[in-house]
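> One structure is given below, represented as structure tokens, and several questions about it will come after.
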Amino acid sequence: MAKTIMTVDDSASVRQLVGFTLRSEGYEVIEAVDGKDALHRLTSAVRLIVTDLNMPNIDGIELIRAVRATPACRYIPIIMLTTESQDSKKQAGKAAGATGWIVKPFRPEQLLAVVKKVLG
Amino acid sequence: MNDVQRQVYIDEAAELLSDLEVSLLALEERPDDAELIGRIFRGLHTIKGSGAMFGFDAIASFTHQLETAFEAVRDGRVRVTPDLIGLTLDARDHIQRLLHQPAADALSTEAGMRILARLCTAAPDFEPAAADVPRSPEVPAEIPAAPRQYRIHFEPHPDILLTGNDPILLLRELAGLGECSLVAQLDRIPQLDAFDPEQCCTRWDALLTTTASENAIRDIFIFVEERATVTIERVAEPARVPEARCSAPSATLRVSADKLDSLVNIVGELVTVQARLSGYAAASGSAEAGLIAEEVERLTERLRETTMSVRMLPIGETFSRFKRLVRDLSAELGKNVELTTEGDDTELDKTVIEQLNDPLMHLVRNAVDHGIERPEQRRAAGKPANGTVRLAARHAGAFVLIEVSDDGTGMNRDAIRARAVERGIIAPGAVLTDQEVLSLIFKPGFSTAERVTEISGRGVGMDVVQRSLDALRGSLSLASETGLGSTVTLKIPLTLAIIDGLLLEAAGEFYVVPLSNISECLELTRRSARPARHSLIEVRGELVPYIALRDHFALSGDPPPVEQVIVAETREGKCGFVVDRVIGDHHTVIKKLGCLYRHVEEIPGATILGNGSVALILDVERLAAEVMRETCRN
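Protein chains in written order, with our numbering: chain H, 221 to 340; chain G, 820 to 1453.
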């Protein structure tokens, strides 16, 4: 069965790029527009979350904290999308329990490499 | 990057830009609205980030500068002024132009520079940071290098799992870089009661031979840098991880047999003490004492097994000695005989192997001399001219079976019988089973050879085999088919140091009889009525002579009203031994009696019981022989 990955980003283009890249590799992809939407759609079928950090409503850091506080999802790998200028955010994300990060801008193959790294 | 995806970006950016316009205008009216500033910042951030991903490098680099300026606004370092709003709106328009004209030409770049320059004056704190402008990511070219070896130590923090990082995946990735040998260090894993499955207490050491750079190795652990200790060392000389089991050229050690015997002896005593400890612990009812006793029992058992295994030697060496014997014998007798061996690596106690030498030599000699025919006889019988004598050893439980077989003429039952009658071994009309007839050749003074040969017929006879086997507490069986050959099977206990015995008591003294000898236990009630010392008991219609240990060993005191008879199978036939009580199975470590008792043949040894008292081990065969002699005399 295909593994399900959730991509969380308020940018439709990033969501689409992430979704397209992952689907073409055979993953199921759930797209969420922000942290709130992500928490709403989160199920135990989700094996990996790829999330942006800057988002309205619930941002990436809070999303990571919320997921880590959900017993069924405590150990899901969470990849955050950061930019070079966001080092403090990256640190906050790591502290919240993010598994890893991808620095934007990234190429599809970089995304896939990281997904394979944390998903096995 | 296909056009559909670019179009999505263009659409999204256009949307963001119009949103940016609305936000900027609103900000002009409410310059302190943090919510609005955050919104503008996020918009710029997305335009920049996605721009670079979709190949809009000019937008990415320009927006990056704009974002940096707004970072200062967000952090309160620069105040929002109408001038700043105007400039930002200009910048927004510039982005929109770049969106529809992706390949930035000199003209648009210059326009962008002008806007940025003005931004600098409006926001004095702002320095255009040209150095870290994001660009479309480039994949660095892989430079192939010669394989190098690295030693990697990976020690995750116990809470690493909580970040969703799986150490196994990281190690798998590491192993994917090249030839990798991994060793897990498990010493920090706590006891079960303190064990938390959500904590990772394992550390790993890896030796990796790879063409990848050190940075590539470090990159594997990039996500766990802060939640793990990772050290990567270049190994100067390519070397393999020293294997736990070092295959040193000579891993064996010569130890004197005396030391080994002494070790076995001490282990035997330890087994005894351990039995006492277990008994004491059980009686005390203390759980703690029980635990300790159990642990000691486990360790003692292992120590015993290990010690015994040290004494074990493969029988192959003994087998190979007979090759020469067979070669010389067959030359002397004008026969062509080949010796084949099987199960050379079967292990036996060292003392057992030493004592096997003599009986095996007799059996092999007998097979070559009496079993294998001369070549012309063999050919006449339609058999290959070359005869074969086979030595085979294999394990069977606590015993080793050794077969000595030949493809010779087989045993002539009538000749054996006639000879036995002639020699007075059996009565002329005796009814014997086939096995009993064949066994006659092991009786003292028996020899069926038609002529006394140089080799076998020196009057020593095959009874030597039987005697040696008795000393080994072994047994033998025979199979023979006329014209096809014979097989002698020796059943030898693995070790002489320990036997399974039955513990008996008579007049407060303890005795052990090897369990393998015993066929049944019965009650004896009418003893007082018997006048004679030796008597007979009826066991299922068969009269079995018996001896009372009380009488035999002249023990004082009166026997209990109900005694027990142990019926043992011996070569003399069934024989009973009367004791007061049968206590039960006893794992017996045999200890030799001192040299003073060397000539007491009925008692080959003794053992120490759990309570510290001594139990004598009885040689049932010798006792039975005694019983028979006395019975006949009476």
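Even glycine gets a Cβ: it sits at the ideal position worked out from N, Cα and C.
1. Determine the chain H residues that contact G/L996 at a beta-carbon separation under 7 Å, and present them in chain order.
2. Which chain H residues sit within Cβ distance under 7 Å of G/M1131?
3. What residue from G/I1172, G/D1225 and G/T928 has the CA that sits closest to G/S1299's CA?
4. At 3 residues or longer, and completely inside the region 1340 to 1400 of chain G: list those beta strand (DSSP E) runs for me, N to C.
5. Kindly indicate which three-state DSSP category H/T241 falls into: helix, strand or coil?
6. Between H/G340 and chain G, is any beta-carbon pair separated by less than 8 Å?
7. Starting from the beta carbon of H/G317, find every residue of chain G whose beta carbon is closer than 8 Å, and list them in chain order.
8. Is the separation between the beta-carbon of G/T1137 and that of G/L1096 shorter than 8 Å?
9. Hey, quick one: how far does the alpha helix (DSSP H) through G/T900 stretch, first residue to last?
10. Any residues in the region 230 to 259 of chain H with a beta carbon nearer than 8 Å to a beta carbon of chain G? Which ones, in chain order?
11. Taking G/H972 as part of the beta strand (DSSP E), name the residues at either end of that continuous run.
12. Using 8 Å as the threshold, is the C-beta distance between G/P1178 and G/S1287 below it?
13. Using a Cβ-Cβ distance cut-off of 8 Å, determine whether G/H864 contacts chain H.
14. Give the DSSP-derived three-state secondary structure of G/M1180 in the structure shown.
15. What does the alpha-carbon distance come out to for the pair H/D254 and G/R911?
16. Give the range of the alpha helix (DSSP H) segment to which G/Q884 is assigned.
17. Which residues mark the beginning and the end of the alpha helix (DSSP H) in which G/E1124 is found?
18. Need the endpoints of the beta strand (DSSP E) that G/L1251 sits in, please.
19. Along chain H, in chain order, which residues have C-beta atoms closer than 7 Å to that of G/R861?
20. Write down the C-beta distance between G/R861 and H/N274 rounded to the nearest angstrom, noting that I regard them as a contact closer than 8 Å.
21. How is G/E854 classed by DSSP in three states: helix, strand or coil?
22. Mind checking the region 281 to 293 of chain H against chain G and listing, in chain order, the residues whose C-beta falls within less than 8 Å of any C-beta there?
23. Would you mind telling me which residues of chain H sit closer than 8 Å to G/Y828, beta carbon to beta carbon, in chain order?
24. Counting only Cβ pairs nearer than 9 Å, list the residues of chain H close to G/F873.
25. Compare the beta carbon distance of G/F1396 and G/V1384 with 8 Å and say whether it is the shorter of the two.
26. When you compare only the Cα positions, how much space is there between G/R1046 and G/G895?
27. In the region 1030 to 1051 of chain G, which residues sit with their C-beta less than 7 Å from some C-beta in chain H, listed in chain order?
28. Closer than 7 Å: is that where the CB of G/G1293 sits relative to any heavy atom of the ligand NAP?
29. Which two residues bound the contiguous beta strand (DSSP E) that contains G/E1157?
30. Can you tell me where the alpha helix (DSSP H) holding G/V1086 begins and where it ends?
31. At the level of alpha carbons, what is the spacing between G/S1105 and G/E1114?
32. By DSSP, does G/A760 sit in helix, in strand, or in coil?
33. Hey, G/R1469 and G/R1037: beta-carbon distance below 8 Å or not?
34. Is the Cβ of G/A879 closer than 8 Å to any Cβ of chain H?
35. Are any of the Cβ atoms in chain G nearer than 8 Å to that of H/K310?
36. Under the three-state reduction of DSSP, which class applies to G/M932: helix, strand or coil?
By the coordinates alone:
1. Walking along the second sequence from the start, residue 996 of chain G turns up at place 177. Within chain H, no residue comes near G/L996; the closest Cβ sits about 13 Å away, beyond 7 Å.
2. As a working mapping, residue 1131 of chain G is identified with position 312 in the second sequence. The premise fails here: G/M1131 is roughly 47 Å from chain H at the closest Cβ pair, so nothing lies under 7 Å.
3. Sequence index remark: in the second sequence, residue 1299 of chain G carries index 480 (1-based). Per the Cα distances, G/D1225.
4. Taken in chain order, the unbroken stretches of beta strand (DSSP E) that lie wholly in the region 1340 to 1400 of chain G and span 3 residues or more are 1354 to 1358, 1361 to 1367, 1382 to 1389 and 1392 to 1398.
5. As a position in the first sequence, residue 241 of chain H is number 21, starting the count at 1. Here H/T241 sits in helix by DSSP.
6. In the first sequence, counting from the first residue as 1, residue 340 of chain H sits at position 120. Taking 8 Å as the threshold, the shortest C-beta distance from H/G340 to chain G falls below it.
7. Position 97 of the first sequence, counting from 1, holds the residue named residue 317 of chain H. Within 8 Å Cβ-Cβ: L981, T982 and G983.
8. By 1-based counting over the second sequence, the position of residue 1137 of chain G is 318. By 1-based counting over the second sequence, the position of residue 1096 of chain G is 277. G/L1096 is positioned such that its CB atom lies no closer than 8 Å to that of G/T1137.
9. If you number the second sequence from 1, residue 900 of chain G lands on position 81. Neither: G/T900 is in no alpha helix (DSSP H) and is coded neither H nor E.
10. Listed by position along the chain: D230, S231, A232, S233, V234, Q236, L237 and F240.
11. The residue labelled residue 972 of chain G in the question sits at position 153 within the second sequence. Bounds of the beta strand (DSSP E) holding G/H972 are R967 to P975.
12. Here the question's residue 1178 of chain G lines up with position 359 in the second sequence. Here the question's residue 1287 of chain G lines up with position 468 in the second sequence. Going by C-beta atoms, G/P1178 is nearer than 8 Å to G/S1287.
13. Mapped onto the second sequence, residue 864 of chain G falls at position 45. Judged by the 8 Å Cβ criterion, G/H864 is in contact with chain H.
14. As a working mapping, residue 1180 of chain G is identified with position 361 in the second sequence. G/M1180 falls in the helix class under three-state DSSP.
15. Taking the first sequence and counting its residues from 1, one reaches residue 254 of chain H at position 34. Taking the second sequence and counting its residues from 1, one reaches residue 911 of chain G at position 92. Using only the alpha carbons, I get a separation of about 25 Å.
16. Start at 1 with the first residue of the second sequence, and residue 884 of chain G comes out as number 65. G/Q884 -> alpha helix (DSSP H) spans D876 to R893.
17. Within the second sequence, numbered from 1, the residue matching residue 1124 of chain G stands at position 305. Unbroken alpha helix (DSSP H) run through G/E1124: A1106 to V1129.
18. Looking up residue 1251 of chain G in the second sequence gives position 432. Element bounds for G/L1251: n/a, residue is neither H nor E.
19. For this step, residue 861 of chain G is matched to residue 42 along the second sequence. Identification of chain H residues near G/R861 by a Cβ-Cβ cut-off of 7 Å yields N274, ordered along the chain.
20. Residue 861 of chain G sits at position 42 when you count from the first residue of the second sequence. Residue 274 of chain H sits at position 54 when you count from the first residue of the first sequence. Rounded, the Cβ-Cβ distance is 5 Å, consistent with contact.
21. By one-based count along the second sequence, residue 854 of chain G stands at place 35. In this structure, DSSP gives G/E854 a helical state, which the three-state scheme calls helix.
22. If the cut-off is 8 Å between Cβ atoms, the region 281 to 293 of chain H has R288 near chain G.
23. As a first step, residue 828 of chain G is located in the second sequence; it is residue number 9 there, counting from the start. The answer, in chain order, is S233.
24. Counting from one through the second sequence, the residue named residue 873 of chain G turns up at place 54. Within chain H, the residues S233, L237 and P325 have their CB atoms less than 9 Å from the CB of G/F873, given in chain order.
25. Here residue 1396 of chain G is taken as the residue at index 577 of the second sequence, counted from 1. Here residue 1384 of chain G is taken as the residue at index 565 of the second sequence, counted from 1. The answer is yes: Cβ separation under 8 Å.
26. As a working note, residue 1046 of chain G is residue 227 in the second sequence. As a working note, residue 895 of chain G is residue 76 in the second sequence. G/R1046 and G/G895 have their C-alpha atoms spaced approximately 34 Å apart.
27. Hits within the stretch, in order: F1042 and E1045.
28. As for the ligand NAP, it is missing from this structure, which has no ligand bound.
29. Counted from its first residue, the second sequence places residue 1157 of chain G at position 338. In the DSSP annotation of this structure, the continuous segment of the beta strand (DSSP E) that includes G/E1157 starts and ends at V1156 to E1161.
30. The residue you call residue 1086 of chain G lines up with position 267 of the second sequence. Per DSSP, G/V1086 belongs to the alpha helix (DSSP H) from A1076 to S1103.
31. Translated into positions along the second sequence, residue 1105 of chain G becomes position 286. Translated into positions along the second sequence, residue 1114 of chain G becomes position 295. Cα to Cα, the separation comes out at about 14 Å.
32. An answer regarding residue 760 of chain G cannot be provided, because it is not within the stretch 820 to 1453 covered by chain G.
33. With chain G running from 820 to 1453 in the structure shown, residue 1469 of chain G is simply not present.
34. In the second sequence, counting from the first residue as 1, residue 879 of chain G sits at position 60. Chain H, which has a Cβ nearer than 8 Å to the Cβ of G/A879, makes this yes.
35. Here residue 310 of chain H corresponds to residue number 90 of the first sequence, with the count starting at 1. By this cut-off, H/K310 is not an interface position.
36. Taking the first residue of the second sequence as position 1, residue 932 of chain G is located at position 113. Three-state result, G/M932: helix.
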